[in-house]
Structures are given as structure tokens and as C-alpha cells.
Amino acid sequence: MKESALILANGLFDSVFAKTTHGLLRGPSRYEILGVVDPDYAGEDAGHILDGRNRGIPFYSSVSEALAHQTPTHCIIGVATVGGVLPDSLRVDLLTAASAGLQLVNGLHQLLSDDDELVSLAKGGIIDLRKPRPTSELQFWSGEILLVPAPRIAVLGMDCAIGKRTTAMILREGLREQGVRSEVIYTGQTGWLQGLKYGFVFDATLNDFVSGELERAIVECYREERPEVILLEGQSALRNPAGPAGPELICSARAAGVILQHAPARLHFEGFEDLDCRIPSLSEELELIRLLGSEVWGISLFTHGLDDAQSLQVATELETQHEIPVVRPLEEGGERLVHIIRQRLPS
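Shown next, in the form of C-alpha cells:
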């Protein structure tokens, strides 16, 4: 029987910080989702508020209200805050959930297992997805990746919270529907929550071992599944000043190609607008990826801030300018990107 969960979004559902909640609502999910706690939308259908698709998953104003209607086994923190800090409002609901016997699932950097009060109440247990593993369990890069014949495709972004994981999941399903064996290597907590089997939490891994853990996940995936293509979930962005990431997917994982997530309406790196930290131009990013040793096969648009007509016009203009296919996956699906990937696969 599938375990069930309540998700805590607590006033952040309509923001980029709730990307874990959004991903679990879109699915897949390791747990059956019974409800979302966010008083701003209490009584509404979570799927309808997310993207207009009713999913039969209600919003509740509090954990107490949810538990009066549902009997979940787990309580998931569905937000990713700046610095991974636990907001006070979330802690209150966690105390209620722990007292009710739910297992707490936490993707924040602030570990619940360090909170003595929560530990004493959480008879159902605590899962801290970002709890660092001891270095004795981590792998250093060995070069074994060079023996994996399945091409790797990195889904990178111009910024964080821009839809990289969502696009990777859309591509996996699209490839599978066309008979192409494909897997996604997760690099964040949401991928694990969505039930992905192979991966690691990138930003909770000691830097010396990031490349090795990435290699280990890919090698294990190929040995056990024999996929024809392996999709790599990117984190942050190549030039995000708060946490540059992505070269490892090209240099260490030897990504043959890149699907690049771009947010045309976003001018600054998320959270650093006041510092005027501007996102580099798309042309510069394409060239940087080339210099790192890979090639952008397609551009995927995160269209937040644009209406349908505007995003379609931007897609058309970018495709003409850069001579690279530009797709809006949430509006159009991933069929065109899947076709691009299939054309590039070894015969």
C-alpha cells in the first residue's frame, strides 16, 4: 500500500519557493498526496490553483484542519527557502504533525533531527533529505563514467527555480512513450520525493565528492537499467553568484548535449534583484556551454511573467536568432524536444 502525505506550503504556494510542492502535485510522487497546507487557498483544489487542472487534492488552512479530514502517514515540507532555513510558521505545523504520529520529511538545510523538541515528539520518525553523508560513504571521481555508452543530456538553467527538474521529467516520460529507455538522475530533494531511484542531493554533498557522486549515480543507473539515454537534473546556474553549479554535469558526467532552461521575463538572479545581479545573456550562456565541452540541443522556456501570446512570440524570435529549437514544455508538452533528442541518439 502506497504511503500518503500532507504537504506544507504555508503561504508560499504562489512563489518559486514552493517548487517541491508544485513538482509533487504534477507528479510522480513517492507518496499519495492527500492535501496541501496553505491558508491563502484553504478550500481550493491545489491542482486547479497550480495549472488549472483539478486533481482532487484540497488546500487546508492548517495541519489540524487537514488531520480532521485525512489520515496521512507523512508530512512533507514542500518549500525551499533561502538558505534552507525553517520558517517559524512551518515549525508550528510540524509540531502538530509530529504529535499526531506522522513521519516528517524535510528537504531544508536546517535539519529537523537537530531540533530536540521535534525529535522527542516525532514518534513516526524524521527524514532529513539534506543530512550530509559521512565522507567514508562518498565516492571520488574515478573516470568509470567513460565506460558508460548511454549519452547523457544535462538539463541546465539560466537561474535557479526555473523548471529544470520539471523539464527533465517531461522528457523522460516523452521518451518512454516513444519506446526509448530513459532515466533521470536527480540532484535535489524533490527528485527523491518524486520516487527517482538514482541520484544524490548536490548541495548537501561535500564539494570534493560532487563529481564522484554524480558519476556513481550514472554508473549504477546504467548497470541496473541499461537506459538508452540518461537525463541529468541541473542545479542553480552556471553563473549564479550565490551558488554556481552545472560544469560538473558537462565536465565530470560528460554530457553530450544540453537542454537549457531560460526565463525571458526574469532579468536578475532570483533573490538578488536589489543587488542588480543580472542574468547573463542567452548568447553568452550558449557560448560558455560550448567552451565547457558540450552543445545546447534545445532551449526550454519558463514562461512565468508572460502571457501565452508573449511567450509564443519570444520563442519564435529566440529560435530565429539562435537557430536552436525553442520549446514551451508546460504549454506544448515535450514532444518536440523528444524528437530533437532522438535525432541525436546513436543509431
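In our numbering, each number is its position in the sequence shown, counted from 1, plus 391.
All C-beta atoms in this analysis are idealised placements derived from N, C-alpha and C, irrespective of residue type, glycine included.
Cβ-Cβ separation, residue j to residue i (assumed contact under 8 Å), whole Å
{"i": "Leu499", "j": "Arg521", "result": "7 Å"}
{"i": "Leu481", "j": "Ile517", "result": "Not confirmed; about 14 Å, so no contact."}
CA nearest to the CA of residue i, picked from the options
{"i": "Gly696", "options": "Leu481, Gly438, Val592 and Ser406", "result": "Ser406"}
{"i": "Phe591", "options": "Gln569, Gly579, Gln585 and Arg556", "result": "Gly579"}
{"i": "Asn445", "options": "Ile680, Ala409, Gly426 and Gly724", "result": "Gly426"}
{"i": "Asp507", "options": "Phe660, Leu486 and Leu658", "result": "Leu486"}
Residue j beta carbon less than 8 Å from that of residue i
{"i": "Leu416", "j": "Gly438", "result": "yes"}
{"i": "Ile361", "j": "Ile670", "result": "The question about residue 361 has no answer, for the chain in this structure spans 392 to 738."}
{"i": "Ser453", "j": "Asp484", "result": "yes"}
{"i": "Leu547", "j": "Thr596", "result": "no"}
{"i": "Leu587", "j": "Ile467", "result": "no"}
{"i": "Ile398", "j": "Ile440", "result": "no"}
{"i": "Leu651", "j": "Val705", "result": "no"}
{"i": "Ala646", "j": "Ala541", "result": "no"}
{"i": "Ser643", "j": "Ser602", "result": "yes"}
{"i": "Ile641", "j": "Gly684", "result": "yes"}
{"i": "Val473", "j": "Leu403", "result": "no"}
{"i": "Ile732", "j": "Leu562", "result": "yes"}
Span of the alpha helix (DSSP H) around residue i
{"i": "Ile641", "result": "Pro638 to Cys642"}
{"i": "Trp532", "result": "No alpha helix (DSSP H) holds Trp532; DSSP gives it neither H nor E."}
N-terminal and C-terminal residue of the beta strand (DSSP E) that residue i is part of
{"i": "Glu423", "result": "Glu423 to Val428"}
{"i": "Ile670", "result": "First-last for Ile670: undefined, no H or E at that position."}
{"i": "His465", "result": "His465 to Ile468"}
{"i": "Glu381", "result": "The structure shown does not extend to residue 381, since the chain is modelled only from 392 to 738, so the question has no answer here."}
CA-to-CA distance, residue j to residue i, given in whole angstroms
{"i": "Thr711", "j": "Gly625", "result": "26 Å"}
{"i": "Ala396", "j": "Glu678", "result": "43 Å"}
{"i": "Glu568", "j": "Val729", "result": "10 Å"}
{"i": "Asp355", "j": "Gly534", "result": "Because the chain in this structure spans residues 392 to 738, residue 355 falls outside the shown range and cannot be described."}
{"i": "Arg572", "j": "Gly565", "result": "10 Å"}
{"i": "Ser527", "j": "Asp505", "result": "22 Å"}
{"i": "Leu736", "j": "Leu623", "result": "16 Å"}
{"i": "Ala654", "j": "Ser511", "result": "44 Å"}
{"i": "Thr581", "j": "Val718", "result": "23 Å"}
{"i": "Gly662", "j": "Val476", "result": "15 Å"}
{"i": "Leu682", "j": "Ile609", "result": "23 Å"}
{"i": "Pro478", "j": "Cys551", "result": "20 Å"}
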